Ligand code: ADP
Ligand code: MG
Ligand code: MG
């Protein structure tokens, strides 16, 4: 890192603003913003992320930093009229970490820096409150000891408990000055014993050590892992905020609280928050005493309450969004300590976005940025009936959404065994590990008592789309005795439990599940205008309308039959991007395929094809009818043939047994030969896709004929079929040319025979690296490309999905090699780059080349944005993901329009 000579490493709160998050971190930028809004923020300054970067790169703080900090500290001291740690009247500060993104694993805040054996008496005299001074001092030693010097926090907690026990009191506020003084002595002993040094008495040394500790916390293992998983760059660094202290622990006219400017669960405006009298900030979250609802503050301190309400309104209007805040009241004086745009539930996100539009605070394009596809997907899961009264057992972290009900099992073996016999099970573990994978797959849902959102259970469950509640710490899971206890309740193996992956709630017994109203709406069973349509449905309806209005990407469905196609249409599909014909060869038709594969002569083969033709045609007629007026891309047969043949081992055994009995069946013998002939080591890379079409004469021709005849029939029935024929697994233009010539001949023949002028587009999938690399040539023979990003991901990475997801993906996710599976979100740098370049090369050859995507990535939010950016025409995804794709396509368009005009 080159260090610029005039680089400024420290910003006063009056110098920053909310757009400087890169430099000042989220907390610092917003403290500055509030300061400049004229809100009561205790003065202070922010040390930039740049200083942190220098420190981390060089192992030492930038040489200029110390003086700059001194200058800002001087200014702070002058404005406050007292010096840091001044013996008779100490200025105290907090040292707070604050990166651009808030991150678990970063250093906790240290409050009351500047107190020492000397200044504690000065503080007592100034405040006229000895108890308060000693309470503040013990808090400093405790926080400093734990977070800066790395002393085990429990040692302090235990000492505090001992002090309370000795005095026979329950809460810390019942300890008096003398008790706290003794506690301070005890805490100092703990520090000396554990940290190998005395608690520093020099206030500046306290401050500097705390600042370095914040810098260092950027690279704790936890922070690093979190960044890798969330794809937060590792070189951003954290800022450090030094903020003069205000005191909520100065008596009953003081206190501290947190609040939301509106309800983060419903979005409704009102008074939402918690307040704790006579306490410092960290007490609220620590839950050591019970908080009161924020509304009670009105009767406790009306003036501060009114001022707070005023400030919340100012913040909402200024940030044009829900904000959460931290505040402290010191002897009737209100202070703002933090704000940020607050987290909210998925439902509230949609409601708030439309409420803000109605309030005139944001426009529709902005509303689209306030929600996302993951939230919409969450709203589409079935949910537990709110009205149901079932015993709440406990609560954990909502790790993967959904509502799951099943019998409690405590090991994977039982989960698999029971689910095989048709039972629904919930797998309950203390935490999961890769050995639990089978059980997780078998279970309806997963419940753990340990671990957070990035634990094994959470990561794997999200990847599998399975409901998961993790870290439900009240549950005592006893795997050996196959039970768990919660408070007094014992849940045995086989007892029914219900878990809600959207709220983290765990219930005993079966909670009835109701369909999501949002799905009812998409299905057309509930209308947004209807009286019973709830606010949420109305909000979703409006946001979807905004998205549809602005999006450029069209959204199609992957659907193989009329039923799915109709559902996709209801969900807003603008066509079918992938109809897999292999599904039309299964069931009873499998035998016909067997005949085709076994055919020795042309006659036999033609006969088999002739039998299949009318069936295929019927499927297509239904599909084209369901999708009348919209494009339907039909992919010719893709999978390896052996998928249509019996299992090799089973058949070998059957033949061997028959031979032993001397009654060998002629057909079985032929079948076995064929199975042997077609057996492949790597079927995924073997005889499949266009290769099949080229070596089995007439196969593709029959399929094309079925499509053409079906289209002709629909035209005759006054329909509007828009079939597109797609050739899979092409690696070189020559393959495509041969199939193309054959197909065109068939289409021309059908057109002649039926007298219908058939316009069928012919195109290809791009799913092999070679196809992507020679896209310019391939486009000469293709009217459209559909990127098959599932296979393209497999072939680019060189791994087979079925094998690797089960074997080593968890390890890769845990090690942070990818934050998310490349099958879930497109790997932009690798697979994505091929898509981008192939799209450009294809369009260079054929400017009107139609471009789409039909891999599962078509329904993934981040991938949809990427496909928008590289200029594809459409994405295709499973019917259920269509609303998500529509929304994200709209968001992507609104975003790029916004950045163009900037
Ligand atoms: P976090 O990121 O964990 O919220 P904060 O830096 O916001 O950490 O601080 C933790 C707690 O200490 C919060 O409740 C905050 O309001 C309180 N706090 C921080 N600085 C001060 C201060 N200067 N005076 C009083 N309380 C403070
Ligand atoms: Mg905070
Ligand atoms: Mg494929």
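In my numbering, the protein residues as written are 2 to 903. Backbone N, C-alpha and C fix where the C-beta goes; we use that ideal spot for every residue, glycine too. Everything numeric in this text was worked out from a predicted model, so none of it was measured.
Evaluate contact between the stretch 796-807 and the stretch 868-875, counting only Cβ atoms and requiring at least three cross-stretch pairs below 8 Å. The stretch 796-807 makes no contact with the stretch 868-875; the number of CB pairs closer than 8 Å stays below 3.
Using C-beta distances below 7 Å, list every residue in its chain close to residue 705, excluding the 5 sequence neighbours before and after it, in chain order. So the list reads 726, 744, 747, 748, once near-sequence residues are dropped.
Rounded to the nearest angstrom, how far is the Cβ of residue 483 from that of residue 599, given a contact under 8 Å? Contact doesn't hold; Cβ gap of about 52 Å is too wide.
Same chain only: Cβ atoms within 7 Å of residue 432, ignoring 5 sequence neighbours per side: For residue 432, same chain residues with a beta-carbon under 7 Å away, outside a window of 5 residues either side, are 449, 451, 452, 456, 457, 458 in chain order.
What residues sit near ligand 2, counting only those whose C-beta is closer than 6 Å to one of its heavy atoms, in chain order? Taking each Cβ in turn, the ones that pass are 327, 339.
Kindly indicate which residue of 229, 471, 604 has the alpha-carbon position closest to the one of residue 820. Closest by alpha carbon: 229.
Do residue 771 and residue 732 come within 8 Å of each other at the CB atom, strictly closer than that value? It is a contact, given that the beta carbons lie within the stated cut-off.
For residue 502 and residue 579, what's the separation of their Cα atoms in angstroms? Rounded to whole angstroms, the gap between the alpha carbons of residue 502 and residue 579 is 32 Å.
Touch check for the stretch 261-275 and the stretch 230-248: three-plus C-beta pairs under 8 Å? Contact between the stretch 261-275 and the stretch 230-248 is absent, because fewer than three Cβ pairs lie under 8 Å.
Can you tell me whether residue 493 is helix, strand or coil according to DSSP? It is a strand residue.
Which partner residues does residue 257 have in the DSSP bridge list? According to DSSP, which records beta bridges pairwise, residue 257 is partnered with 277, 329.
Limits of the unbroken alpha helix (DSSP H) element including residue 1: What the structure shows of the chain is the stretch from 2 to 903, and residue 1 is not part of that stretch, so it cannot be assessed.
So, residue 1 versus residue 614, is the Cβ gap smaller than 8 Å? Residue 1 lies beyond the range of the chain shown here (2 to 903); nothing can be said about it.
Any idea which residues DSSP pairs residue 786 with across the strands? Residue 786 pairs with 765, 852.
Starting from residue 681, follow the beta strand (DSSP E) in both directions and report where the run begins and ends. That residue, residue 681, is in no beta strand (DSSP E); it is neither H nor E in DSSP.
Please indicate yes or no: does the CB of residue 485 lie closer than 7 Å to some heavy atom of ligand 1? Judged by the Cβ position, residue 485 fails to qualify as a neighbour of ligand 1 at the 7 Å threshold, every heavy atom of the ligand being at least this far.
Counting only the same chain and skipping the five closest in sequence on each side, list residues whose C-beta sits under 6 Å from that of residue 160. The answer, listed in chain order, is 187.
Label residue 443 either buried or exposed according to how many other C-beta atoms from any shown protein chain fall within 10 Å of its C-beta, with 16 as the threshold for buried. By the C-beta density criterion, residue 443 is buried, having at least 16 other C-beta atoms within 10 angstroms.
Do the CB positions of residue 347 and residue 369 come within less than 8 Å of each other? No.
Give the straight-line distance between the Cα atoms of residue 373 and residue 125, rounded to the nearest whole angstrom. Spanning the two alpha carbons is a distance of roughly 52 Å.
For residue 86 and residue 137, believed in contact at Cβ under 8 Å, the rounded distance: For a cut-off of 8 Å, the C-beta gap from residue 137 to residue 86 is around 12 Å, too long to register as a contact.
Quick check: the Cα distance between residue 293 and residue 300, rounded to an integer number of angstroms? Approximately 12 Å, taken between the alpha carbons.
Return the Cβ separation of residue 462 and residue 401 in integer angstroms, given the expectation that the two are a contact with Cβ distance under 8 Å. Sure, about 4 Å apart at Cβ, within 8 Å.
Under the rule that 16 or more other beta-carbon atoms within 10 Å means buried, what is residue 884, buried or exposed? By the neighbour-count criterion, in which 16 or more other beta carbons inside 10 Å mark a residue as buried, residue 884 falls on the buried side.
Report the start-end ranges of each alpha helix (DSSP H) in the stretch 446-490 that is 4 residues or longer and not cut off at the edges. Along the stretch 446-490, the alpha helix (DSSP H) occurs as fully enclosed runs of 4 or more residues at 457-465, listed in sequence order.
I'd like to confirm something about residue 246: is its beta-carbon nearer than 7 Å to some heavy atom of ligand 1, or not? Yes - ligand 1 has a heavy atom lying nearer than 7 Å to the Cβ of residue 246.
So, under 8 Å CB-CB, residue 646 and residue 675 are touching, yes? Tell me the CB distance rounded to an integer number of Å. About 7 Å separates the CB atoms of residue 646 and residue 675; that is less than 8 Å, so the two are in contact.
Cβ of residue 253 versus every heavy atom of ligand 1: is any distance shorter than 7 Å? Checking the Cβ of residue 253 against ligand 1 gives no.
DSSP-derived helix/strand/coil call for residue 621: Three-state DSSP puts residue 621 in a helix.
Thinking C-beta only, is residue 114 closer than 8 Å to residue 77? Result no, Cβ atoms of residue 77 and residue 114 do not sit closer than 8 Å.
Residue 723 by DSSP, collapsed to three states: which one? In the structure shown, residue 723 sits in a strand (DSSP, three-state: E or B).
Can you tell me where the beta strand (DSSP E) holding residue 11 begins and where it ends? That run of the beta strand (DSSP E) goes 11-13.
Less than 7 Å between C-beta atoms, sequence neighbours within five positions excluded: which residues of the same chain meet that for residue 536? If we look at residue 536 and ignore the five residues flanking it on each side, its Cβ neighbours are 352.
Indicate whether the contact test is met: 3 or more Cβ pairs, each with one atom in the stretch 379-395 and one in the stretch 413-422, closer than 8 Å. When C-beta atoms of the stretch 379-395 are compared with those of the stretch 413-422, fewer than three pairs fall below 8 Å, so the two segments do not count as touching.
With 16 other Cβ atoms within 10 Å as the buried cut-off, status of residue 388: Counting C-beta atoms within 10 angstroms of its own C-beta, residue 388 has fewer than 16 neighbours from the protein chains shown and is therefore classed as exposed.
For residue 411, the first and last residue of its enclosing alpha helix (DSSP H): Careful: residue 411 lies outside any alpha helix (DSSP H) and carries neither H nor E.
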